[in-house]
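Only one structure is covered here, and it is reproduced in the block below.
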Amino acid sequence: MSLLEIEKLSLTIGDTPILSDVELSVAPGEVMGLVGESGSGKSITALTVMRLLPWAARASGRIAFDGIDILAASEDQMCALRGDDIGMVFQEPMTALNPVKTIGEQVAEGIRWHTRASRADAEDRARKMLDRVGLPSAQFPLSRYPHELSGGQRQRVVIAIACALKPKLLIADEPTTALDVVLQAQILDLLRDLVAENRMGLLLISHDLAVVTEMADRITILRHGEVMEAGDTARTLSEQRHPYTRQLAQASMHVPARARTHEVGQDDPLLQAAKPLLQVERVTRDYPGRRKSLLKRAAPTRAVDDVSFSIDPGQSVALVGRSGCGKSTLARMILALDGPTSGTIRFRGEVITGKSEAELKPARRDMQVVFQDPYGSFDPRQKVEKLVAEPLHVLEKKPTNAERREMVAKALHEVGLGPRDMDKYPHEFSGGQRQRLSIARAIITRPKLVVADEPVSALDVSIRAQILDLFAELNQKLGVAYLFITHDLTVARAITDQVMIMHAGKIVERGRTSRVLDHPQSEAAKALVAAAPDLHRAIARRLQEQG
Amino acid sequence: MKLWKTILTAAALVLANGASALAARTDLVIGITLEPPHLDPTAGAAAAIDEVLYANVFEGLTRIGADGEVLPALAESWTISDDGKVYTFKLHSGVKFHDGSDFDADDVKFSLDRARADNSVNAQKGLFAAIDTVEVVDPATVRITLKNPQSSFLYNIGWGDAVIVAPETADTNKEKPVGTGPFKFQNWAKGSSITLIKSDTYWGAPVSLDKAEFRIVPDAAAAVPALLSGDIQAFPFFPDPESVAQIKDDRRFKVVIGATEGETILSINNKKPPFDRLQVRQAISFALDRKAIIDGASAGLGVPIGSHMSPANKAYVDLTGLYPHNVDKASELLKEAGLENGFKATLKLPPPSYARLGGEIIASQLRDVGIDLQIVPVEWTQWLDQVFTKKDYDLTIVSHTEPNDIDIYSRKDYYFNYDNPTFDKIIADLNHTSDEAKRMTLLGEAQKILADDAVVGFLYELPKVGVWDAMLEGFWENAPIQANDLTKVKWTE
Amino acid sequence: MTAYLLKRLAIALITLVLASMVVFAVLEIIPGDPARLMLGMNASADQVELLRNQMGLNAPLALRYLHWAGGLLSLDFGRSYTYSVPVIDLVRERIVVSLPLALIALALSTIIAIPVGLFSAGRHGRAGDTIAMGAAQLGVAVPNFWFALMLIYLFAVWLRLVPAGGFPGWSAGVWVALKSLVLPAIALALPQAAILARVTRSALIEVLNEDYIRTARAKGLPFRAVLWRHALRNAMIPVLTILGLQFAFLLAGTIIIENVFYLPGLGRLVFQAITQRDLIVVESVVMLLVAAVIAVNLLVDLSYAVVDPRLRSRQ
Amino acid sequence: MTLRFDIPEENFADILVKAFTNRSFLTGFVITALVAAVAIVSFFWTPFDVTRLIIADKTQAPSPVHWFGTDHFGRDIFSMIMVGARNSIAVALVAVGIGMGVGVPLGALAAARGGVVDEAVMRLNDLVFAFPALLSAIMITAIFGPGALNAIIAIGIFNIPVFARVARAGALAIWPREFILAARAAGKGKALITMEHVLPNIVTLLLVQGTVQFALGILAEAGLSYVGLGTQPPMPSWGRMLFDAQTRMVAAPWMAIFPGMAIVVTVLGLNLLGDGIADILDPKSRRQR
């Protein structure tokens, strides 16, 4: 008998249909993966089970949990269920904890509420639970506040809250999306162990097919509020019977076609003579420590520590590392948006560090940037024409209006958009289209180097594949060199020639992409590679397990 | 509405603690608008000091009565020598100061000598200018010798500035006044109230009030609600004539309109062009509609005047017909003066409502003849500084409250900047004339000259509006001097 | 924590010093000679000059400032021109009216506002919320002095429940004295309560959208418990900010209300002093109120640290 | 205080549709427009001439001839309110202008430059905030003379730090955005970025604050005029009318009731308008991610 049984669940918010006829079940001890791209309704499904929907939402159908009709249950009944029989873990650990209460209070609160235990008993149980999720009370006393913990640690606290009363069902909504790969692997391991220990049912919601494949026994694929396909994970993904399943799986494993890879440096005597495009020499960046008192400051934090490397013209390089390793700081210094504490950066042989904005103009013409967030990287108040044309500011000779429109049209064409898009506002475009706009803006000055900071990590897998193709294509067509900043090894593998692994402000390993990712040498690289979910590998392992 | 009021009032009665049910009331809260700067009437000109203390806490040898007459006070009786220079006062016996010390002739000598001393800070030293010597004949007799006869001497020593103080307490009277009156000082909550209580040791006819609190209510706006709500039971110098009609309809209150010595005038700077021209001043006089001004600024209370003399005065000559309200005539005069296109001027207004309200009306009336007035409200200190002292003004409105003060127009450097030798001569003659009929003629001539010259715009005589609980009696109706004599005030059944 | 405290303290002190300079400078440039004002119109030029020397008005500007500021520190505010008593005595007499009035009004506004804010936030978007917030909107729009006039006519003139104004002094009995503060306190408090209720509500609604509220709900806590236990404390920071501003406003802003009710408080003292050009009193009281505002702001800053552990542990 | 807000991404037509389906905005807009219209009409026409005093008609109760009655000088109160709207609005509007004109550049500068400049601007703000606004306004007008101009200056000065604070907080929320980084990567200087990207994005924020300060300005003008320090006769303003009415509450309560209601309605309208604008920009009612 199933623990959770969802039948014909339909839901509308206001007049907008969100879910239609969703069917889903979770058995005790089973891991059910719920997969879908953004807007597919997977989070709403979870919130419906918890009955934590906005009050404008109307649900129909049936949800049975452990024999209780959830949709018909009273609010008191639901309160009794939540936290006791059903636990939930959310995506954003940084904001999921109340900042003004200690972690002890927050874990104990649910215990006290449901069991009417004394404060001391509840705290005792909370201490044990925190210990279980990897926060031993010696280092993490109950009196800690959330802001004193890192993201991964906070997610452990959230899991402790959810699992404190050993619920029958745990719902985890994108529990690792905000974490880097290494933390993701740790948290997934923890969840897996907890489920096994207590024979919990787990409803794991994710956009990441690889993660779900590694974790889930069965999988339900959701699209636009409808179930596309459901079934055994390994079989569903290996057979790929439904076209959407196939589309998702292929997009997840997509590698753009690249006719000519650019293997230079040590290996290629012909190009070795050519001057490197970018040279980073012994660059260090310190941030001043917090003021301890009026006169004293803590020791400075070293974000980037004595880093040197170079990029050749046309080369595509990935800078990979865990969050907080200093890769974004390094990127900002290369873009001359921030200055190093020591060391120099040369672009096309000229020093760009410590230069005034006017002196930087020629360098800026040849160096552009693509950001991660397709929503935040455009000023919503301006039209596409003006936004894409923004880098033209660095041209020596200001183009006329007609010239400008022509250049913008050309750039838009190159990224697959039409000239009519010029007069639209950014909000009229989808996320993928915006990232195309972002690329159009980056190439309008015909730069020699584009720095791309996590350019596809905010995109759904199918869109991500298209954007990666576009990057590859432009690399071929325009001969532009890339520096990709990413924590995602699949991206690095897909379109870069070389990979640099960054750890704690230092570059610890560099080499050809395939070599580094297949045979990592340094500890940091090994950890990254080991933790990175890989759909191929996961399916293979599942099939193997099932024989 | 009615029903609600009944219900709520009933609720209020239940809540009230029934204190009002007591039979004979002996306490009183009196409203005053200005707070005295200190409490020594012999050391300051502020009328507010007398409003609280005169005849209540402090007494002189004589005192001034409700109609301006001279009455005996600490002096039981007196004799005047035939040449009019020697006054012998017989003092009451058994009089005690509030601090318990006895009052005798030495105190009189001390007080008068102190007031006329060189280093005296008395605001009205002129009152004592005629005194040559003050002698103690015996503890109950004082002889005062004058330098020359002065018919107003007994009146003069009846002023608040001439009250008798004890040598021991003279220096501390500012904070803690000690006098011989029927009330003694109890408490001064600065900014709020001054409380007097009945003195047990009073020598004269006992007063019927046990306690009198002078509550300071500076805003006219607050005066009405304070009265209506019963917080204040009497407001002898009621600052808000506008509300009089309203209060009159309320049977709980008595409203008494009396006379003052206040000629309210539109003062003109006679030396400042174009006001130095007679036609212009006359034009202004023709442009003024006194009835509208009295109605608008003084709720219709107040008698129009045509020159600088109170209509109640024996010497009064009715000159109000000289400049009737006539806009055409005014315009014509301005045209004669070459100002047919009008001109601009300022009108500085001190704080009292007669000035602020009257100013708006006058500005509107003068606008009808092409004179565009810019209204500049000023505080008293600024008015005294800019207008009265520096004569930096075009027009202003003020009430001259001193009695018999027509001579100010002959004073050199007075803020009117008026200079007329003929008028000066009349005033000089007046000072040397004792014949009553002759005096009347001279005063009539003086009034006529001022009116003919249109020295200022003569508006109206300021009324004294007194409001008090209908159960109260004994307040002064008129204001011969600014005082709240409580000696006869009592609650009736 | 100490760094945070020290920084706030330093800022408060700097502001205080700057404010004293501004007050001093403004009163320096005011037209009119204080010595002349004190002596009146009939004094001779010699007398004025003598007094100027006595008052130290002929000393260099910087010296005069230091002397004045030093006096302030030792609570020596000088003597009032009009009352010729030490200003500190006047202040002492008045503050026993203004401070209780401000505190009563503050308490009243808080007692009204916080429950209304909680009520409204809990019913966000529903009829109860709309009605409560409509009333709050109205409360914000009503000028307090006009409201005071209406109160006087309703409760003092029409129903005769409370005095229309004036203050009998605390010696007349606490109950009697309090009674005369009721209307002014209501007139002051209601518009402030309206503002505070709106702030409380919007702060709560913002907090209720936070992820950790969902976490708490997922624990099985009913909405009401979440509102009180999790939302309220997090919403306290904007509420405290407004409370701090309101106290400053109430202490000084009583100026008009004290005039309407002719209460002998600091507000009226300063108003009277302004019209009488009693500049010593003006500058002293303004300085005092400025110091009070700065002190309350400092207190609010410190209370942030009590409410928010993130500020507390900031090294 | 940190400021959090999202930038609306709809285009003008969408916003307009939203605006006119928002109850708060609509009510506020209608009231404000009405008040503004009344003020404008008063330039050309009022039922009665408010410059003429007709003492004979004084303090008449509301009637079909004088809808709101007459004042102590026989002027028609309805006409006075119409003309008074002009002055009340003018004072508040110019004061807001002063606050925005000085405050916004200061706030934007502080946010763009940071460091010492920021610190200096913030300390200056603290300084002004330390002075209780109304008290200081009374002091300023009392010292430099009562009148509309000084009232404007007094109110305006206290608007400066308010706008500086809002502009700074808004700008600080804009500066870390990626599109600013993009502009910087395009070689644009801080001044240019402030003009092109920062200010346009905080305009709505300033607009909301502007309506709030506008409303407060009307209240402040009324307060100053009520104690006799604001607009001076013969210029009518609502506060001035209340000043005249305060002594006549019993005899002619309409003199106090109608101008008071004019203030309440106008302030209410402005606040609703501000609320409405803020509502329309509310992140919750917009795109979901």
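Protein chains in written order, with this note's numbering: chain A, 1 to 547; chain B, 1 to 493; chain C, 1 to 315; chain D, 1 to 289.
Quick reminder that beta carbons are idealized off the backbone N, C-alpha and C, glycines included.
Strictly under 8 Å for the Cβ-Cβ distance: is M41 (chain C) near chain B by that measure? Translated into the one-based positions of the third sequence, residue 41 (chain C) becomes position 41. Any reading at M41 (chain C) needs caution, since the residue's pLDDT is 47, under 50, leaving its predicted position unreliable; the model's value is listed next. Judged by the 8 Å Cβ criterion, M41 (chain C) is in contact with chain B.
How many angstroms separate the CA atom of T266 (chain D) from the CA atom of N144 (chain C)? Taking the fourth sequence and counting its residues from 1, one reaches residue 266 (chain D) at position 266. Taking the third sequence and counting its residues from 1, one reaches residue 144 (chain C) at position 144. Going by the C-alpha atoms only, they are around 15 Å apart.
Please work out which residues of its chain come closer than 6 Å, Cβ to Cβ, to N209 (chain C), disregarding the five sequence neighbours upstream and downstream, and give them in chain order. Within the third sequence, residue 209 (chain C) is the residue found at index 209, counting from 1. Excluding residues within five positions, none has a Cβ falling inside 6 Å.
Can you pull the chain A neighbours of V308 (chain C), defined as C-beta to C-beta under 8 Å? Taking the first residue of the third sequence as 1, we reach residue 308 (chain C) at position 308. According to the sequence displayed, residue 308 (chain C) carries Asp and not Val. Result: P99 and V100.
Under the assumption that I86 (chain A) contacts F65 (chain A) (Cβ atoms under 8 Å), give the Cβ distance between them as a whole number of angstroms. Counting from 1 along the first sequence, the entry for residue 86 (chain A) is found at position 86. Counting from 1 along the first sequence, the entry for residue 65 (chain A) is found at position 65. Confirmed, about 7 Å.
Can a CB atom of chain A be found closer than 8 Å to the CB of V111 (chain D)? As a working mapping, residue 111 (chain D) is identified with position 111 in the fourth sequence. Looking at the sequence provided, one finds Ala at residue 111 (chain D) rather than Val. Not closer than 8 Å to any Cβ of chain A, the Cβ of A111 (chain D) fails to qualify, so no.
Positions along the segment 131-161 of chain D whose CB lies within less than 7 Å of some CB in chain C: Of all residues in the segment 131-161 of chain D, those with a C-beta nearer than 7 Å to a C-beta of chain C are F131, P132, L134, L135, I138, M139, A142 and I143, reading in chain order.
Taking a Cβ distance cut-off of 9 Å, strictly less, list which residues of the segment 379-413 of chain B are near chain C, in chain order. Within the segment 379-413 of chain B, the residues whose Cβ lies closer than 9 Å to some Cβ of chain C are E379, W380, T381, Q382, L384, D385, F388 and T389, listed in chain order.
Verify whether the separation of the beta carbon atoms of L263 (chain C) and P191 (chain C) is less than 8 Å. Position 263 of the third sequence, counted from the first residue, corresponds to residue 263 (chain C). Position 191 of the third sequence, counted from the first residue, corresponds to residue 191 (chain C). By the CB criterion at 8 Å, L263 (chain C) and P191 (chain C) fall outside the cutoff.
Would you kindly work out how many angstroms separate the C-alpha atoms of P533 (chain A) and L204 (chain C), rounded to a whole number? Mapped onto the first sequence, residue 533 (chain A) falls at position 533. Mapped onto the third sequence, residue 204 (chain C) falls at position 204. When rounded, the distance between both Cα atoms is 40 Å.
Output needed in chain order: residues of the segment 262-286 of chain C with a Cβ under 8 Å from some Cβ in chain D. Residues passing the 8 Å Cβ filter: G267, V270, F271, I274, T275, V282 and V286.
Every unbroken beta strand (DSSP E) inside the segment 390-457 of chain B [3 residues or more]: Within the segment 390-457 of chain B, the runs of beta strand (DSSP E) at least 3 residues long that lie entirely inside it are, in chain order, 395-400.
Helix, strand or coil for M228 (chain A) per DSSP? One-based indexing of the first sequence puts residue 228 (chain A) at position 228. M228 (chain A): strand per DSSP, three-state reduction.
For R282 (chain A), three-class secondary structure by DSSP: Along the first sequence, read from residue 1 onward, the residue named residue 282 (chain A) stands at position 282. Strand, per DSSP.
Which residues of the segment 209-228 of chain C have a Cβ closer than 9 Å to any Cβ of chain A? Give them in chain order. For the segment 209-228 of chain C, the beta-carbon criterion of a distance under 9 Å to any beta-carbon of chain A is satisfied by E210, D211, Y212, I213, R214, T215, A216, R217, A218, K219, G220, L221, P222, F223 and A225.
Length-filtered (3 minimum) beta strand (DSSP E) runs lying within the segment 69-150 of chain A: Correct list: 86-89.
Please check the pair I371 (chain B) and E360 (chain B), which I expect to be a contact at CB under 8 Å, by giving their CB distance rounded to whole angstroms. Residue 371 (chain B) sits at position 371 when you count from the first residue of the second sequence. Residue 360 (chain B) sits at position 360 when you count from the first residue of the second sequence. Rounded, the Cβ-Cβ distance is 14 Å, inconsistent with contact.
In chain C, which residues lie with their C-beta within 7 Å of the C-beta of D126 (chain D)? The residue given as residue 126 (chain D) occupies position 126 in the fourth sequence. In chain order: I11 and T15.
Identify the continuous alpha helix (DSSP H) that holds K327 (chain A) and give its terminal residues. Working through the first sequence from its first residue, we reach residue 327 (chain A) at position 327. K327 to I334 is the extent of the alpha helix (DSSP H) around K327 (chain A).
For the structure I just gave you, are there three or more beta carbon pairs, one from the segment 241-248 of chain D and one from the segment 258-265 of chain D, closer than 8 Å? Three or more pairs of CB atoms, one per stretch, sit closer than 8 Å, so the segment 241-248 of chain D contacts the segment 258-265 of chain D.
For the 8 Å Cβ check, are there 3 or more pairs between the segment 154-172 of chain D and the segment 101-118 of chain D? With the rule of 3 Cβ pairs closer than 8 Å, the segment 154-172 of chain D counts as touching the segment 101-118 of chain D.
Measuring alpha carbon to alpha carbon, tell me which residue in A:A298, A:T177 and A:A452 is nearest L319 (chain A). Within the first sequence, numbered from 1, the residue matching residue 319 (chain A) stands at position 319. Relative to L319 (chain A), the option among A:A298, A:T177 and A:A452 whose CA is nearest is A:A452.
Within 8 Å (strictly less), CB to CB, does H114 (chain A) reach chain C? Against the first sequence, residue 114 (chain A) aligns to sequence position 114. Yes, H114 (chain A) counts as interfacial toward chain C.
Below-8 Å beta-carbon distance, G173 (chain C) vs any chain B residue: The residue given as residue 173 (chain C) occupies position 173 in the third sequence. Taking Cβ atoms only, chain B never reaches closer than 8 Å to G173 (chain C), which makes this a no.
Roughly how many angstroms separate the alpha carbons of K190 (chain B) and D126 (chain D), rounded to a whole number? By 1-based counting over the second sequence, the position of residue 190 (chain B) is 190. By 1-based counting over the fourth sequence, the position of residue 126 (chain D) is 126. Cα to Cα, K190 (chain B) sits roughly 34 Å from D126 (chain D).
Sorted by chain position, which residues of the same chain lie with C-beta nearer than 6 Å to H242 (chain A)'s C-beta, five sequence neighbours on each side aside? Taking the first sequence and counting its residues from 1, one reaches residue 242 (chain A) at position 242. If we look at H242 (chain A) and ignore the five residues flanking it on each side, its Cβ neighbours are M228 and E229.
What number of angstroms, rounded off, separates the C-alpha of V529 (chain A) from the C-alpha of P115 (chain C)? Working through the first sequence from its first residue, we reach residue 529 (chain A) at position 529. Working through the third sequence from its first residue, we reach residue 115 (chain C) at position 115. Roughly 55 Å separates the two Cα atoms.
Continuous alpha helix (DSSP H) stretch holding P362 (chain A): start and end: If you number the first sequence from 1, residue 362 (chain A) lands on position 362. It spans E357 to R365 - the alpha helix (DSSP H) in which P362 (chain A) sits, taken as one unbroken run.
Best match in B:N420, B:Y409 and B:K254 for proximity to L471 (chain B) [C-alpha to C-alpha]: Counting from one through the second sequence, the residue named residue 471 (chain B) turns up at place 471. It is worth fixing the name first, because residue 471 (chain B) is Met in this sequence and not Leu. Comparing Cα-Cα distances from M471 (chain B) to each of B:N420, B:Y409 and B:K254, the minimum goes to B:K254.
Taking C-beta pairs closer than 9 Å, name the residues in chain B that R8 (chain C) reaches, listed in chain order. Taking the third sequence and counting its residues from 1, the one referred to as residue 8 (chain C) is at position 8. Residues of chain B passing the Cβ test: none, with the nearest at roughly 35 Å.
Could you spell out the range, first to last residue, of the beta strand (DSSP E) harbouring G33 (chain A)? Along the first sequence, read from residue 1 onward, the residue named residue 33 (chain A) stands at position 33. V31 to G36 is the span of the beta strand (DSSP E), which, as asked, contains G33 (chain A).
Identified DSSP bridge partners for G321 (chain A): Within the first sequence, numbered from 1, the residue matching residue 321 (chain A) stands at position 321. G321 (chain A) pairs with A:M502.
Do R94 (chain C) and V87 (chain C) have their C-beta atoms within less than 8 Å of each other? On the third sequence, residue 94 (chain C) is found 94 positions in, with the first residue counted as 1. On the third sequence, residue 87 (chain C) is found 87 positions in, with the first residue counted as 1. No, Cβ-Cβ distance for R94 (chain C) and V87 (chain C) is not below 8 Å.
If you check the beta carbons only, do A454 (chain B) and L395 (chain B) fall under 8 Å apart? As a first step, residue 454 (chain B) is located in the second sequence; it is residue number 454 there, counting from the start. As a first step, residue 395 (chain B) is located in the second sequence; it is residue number 395 there, counting from the start. When the beta-carbon positions are compared, A454 (chain B) and L395 (chain B) stay at least 8 Å from each other.
Comparing C-alpha positions only, which one of A:I6, A:V195, A:L517 and A:A492 sits nearest to L169 (chain A)? As a working mapping, residue 169 (chain A) is identified with position 169 in the first sequence. Per the Cα distances, A:V195.
Assess contact between the segment 150-160 of chain A and the segment 96-106 of chain A, defined as three or more Cβ pairs (one per stretch) separated by less than 8 Å. Is contact present? Three or more Cβ pairs closer than 8 Å define a contact, and the segment 150-160 of chain A meets that threshold against the segment 96-106 of chain A.
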